[in-house]
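Number 138 in full-length UniProt numbering belongs to position 138 of the sequence shown; there are no gaps in the numbering. Don't be surprised by glycine CBs; every beta carbon is placed ideally from N, CA and C. Here the structure is a predicted model, which means the values were calculated and not measured. Below you'll find the structure, written out as structure tokens, and then a few comments.
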Amino acid sequence: MRSGGLGMMSSSSGILSSSSAAAIVALNLKEATNWWSDVNESPVWQDRIFHILAVLYGIVSVIAVVQLVRIQLRVPEYGWTTQKVFHFLNFLVNGVRALVFVFRRDAQNMQPEILQHMLLDIPSLAFFTTYALLVLFWAEIYYQARAVSTDGLRPSFFTINAVVYVIQIALWLVLWWKPVHLMVIISKMFFAGVSLFAALGFLLYGGRLFLMLQRFPVESKGRRKKLQEVGYVTSICFTCFLIRCIMMCFDAFDDAADLDVLDHPILNFIYYLLVEILPSSLVLFILRKLPPKRGITQYSPIH
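Set out below in structure tokens:
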């Protein structure tokens, strides 16, 4: 009887322990949820997080313009090279983002509502153009190395960007004329598609250029460094545009993932950090090398 009683007591203790553990886990989850909600719903924390984003974007913008000035001082005779345009667009995109987040609360109250969408979407479109320029340059390098004509690449680049901007402007106009939720979903899904297109562009031409550089002789000067540059930039940009595509799909259909509202500051911070701030910072660091002076022939990743 005693051993049976002890067994029952042990079983009861085990059940109580399990119940206590489950209660502790539930309490921790509730506290975590409360913390997330408290931060999201606090105007003070909203402003703090948006201002942190503004500072981070401002830093990236300053880095881009400093690099642009360094390049201009190094090779002023070359005019607006691809490298200079790339850094200028980075400066512009990150500078505009910084201003938008500084005045994020004012932007949320702008009327008509279409202006809010435009303020948030225009930097995203410019970000696409900035990094599509890098895909264009890699495509030119790849086809030139294979002795294939590149005459159609730049017109294709401008055509693709023009089509993207025209469709987005048309969506804005329709949304202005008839501000229904369906049009917001279509606009977000369109940009998710654009982001997926950019990710595939990096995978296609970055991957091709990487494989081509791998086939160069081992003793080729700078081969290892150029291989690393192309590999790192391809991985970073493919990942950031893929994350943007996935997040825009969630944003379109799930109100909890809405990035266009003030009361999702933590989600905004994570999203913009992953898809714009970190990728831009890393790419600018990787491509920080100045072009060679006149008279020195050496391949540079983006000029």
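Same chain, Cβ closer than 8 Å to residue i, five either side skipped, listed in chain order
i           : result
Leu203      : Thr234 and Phe238
Lys293      : Arg74 and Val75
Leu284      : Val60, Ile63, Ala64, Gln67, His87 and Asn90
residue 363 : As displayed, the chain neither begins before 1 nor continues past 303, which places residue 363 out of reach and without an answer.
Asn268      : Ile49, Phe50, Leu53 and Leu259
Same chain, Cβ closer than 7 Å to residue i, five either side skipped, listed in chain order
i      : result
Ala54  : Ala98, Phe101 and Val102
Tyr272 : Leu53
Ile286 : Glu229, Tyr232 and Val233
Ser280 : Val60, Asn90 and Asn94
Asn161 : Thr129 and Ala132
Nearest-angstrom Cα separation, counted from residue j out to residue i
i      : j      : result
Leu136 : His87  : 15 Å
Asn109 : Val174 : 20 Å
Leu209 : Phe250 : 33 Å
Arg244 : Tyr232 : 18 Å
Asn90  : Asp255 : 30 Å
Val65  : Val163 : 28 Å
Val25  : Trp177 : With a pLDDT of 49 at Val25, under the threshold of 50, the modelled position of that residue is not reliable, and the figure given next carries that caveat. Roughly 50 Å between the two C-alpha positions.
Leu259 : Val85  : 29 Å
Phe157 : Ile169 : 18 Å
Ala107 : Gln116 : 6 Å
Trp138 : Val180 : 40 Å
Gly206 : Arg215 : 15 Å
Trp45  : Thr159 : 42 Å
Leu211 : Ser124 : 30 Å
Asp47  : Ile270 : 15 Å
Ala257 : Arg223 : 43 Å
Glu77  : Arg288 : 20 Å
Leu16  : Phe190 : Bear in mind that the predicted position of Leu16 carries a pLDDT of just 46, short of 50, making it too unreliable to give a figure here.
Cβ neighbours of residue i in the same chain (closer than 6 Å, five flanking residues each side left out)
i      : result
Leu56  : Ile277
Gly95  : Ser61
Arg104 : Phe50
Gly201 : Val135
Ala126 : Val93
Burial state of residue i (16 or more Cβ within 10 Å)
i      : result
Val60  : buried
Glu229 : buried
Ala132 : buried
Ile185 : exposed
Val69  : exposed
Leu182 : exposed
Pro112 : exposed
Val275 : buried
Gly79  : exposed
Ser37  : exposed
Pro155 : exposed
Ile71  : buried
Leu134 : buried
Residue-level contact to chain D via CB, residue i, 7 Å cutoff
i     : result
Pro76 : In the structure shown, chain D cannot be found, because there is only a single protein chain.
Distance CB(residue i)-CB(residue j) smaller than 7 Å
i      : j      : result
Arg146 : Leu290 : no
Met247 : Lys188 : no
Ala192 : Phe241 : no
Val93  : Thr130 : yes
Phe128 : Val194 : yes
Leu213 : Lys225 : no
Glu140 : Leu119 : no
Leu282 : Ile236 : yes
Tyr142 : Thr150 : no
Ile122 : Trp172 : no
Contact test: residue i Cβ vs the ligand ATP heavy atom, cutoff 6 Å
i     : result
Asn94 : No copy of the ligand ATP occurs in the structure displayed, which carries no ligand at all.
Stretch-stretch touch, CB-based, cutoff 8 Å, three pairs: the region 37 to 47 with the region 258 to 265
yes
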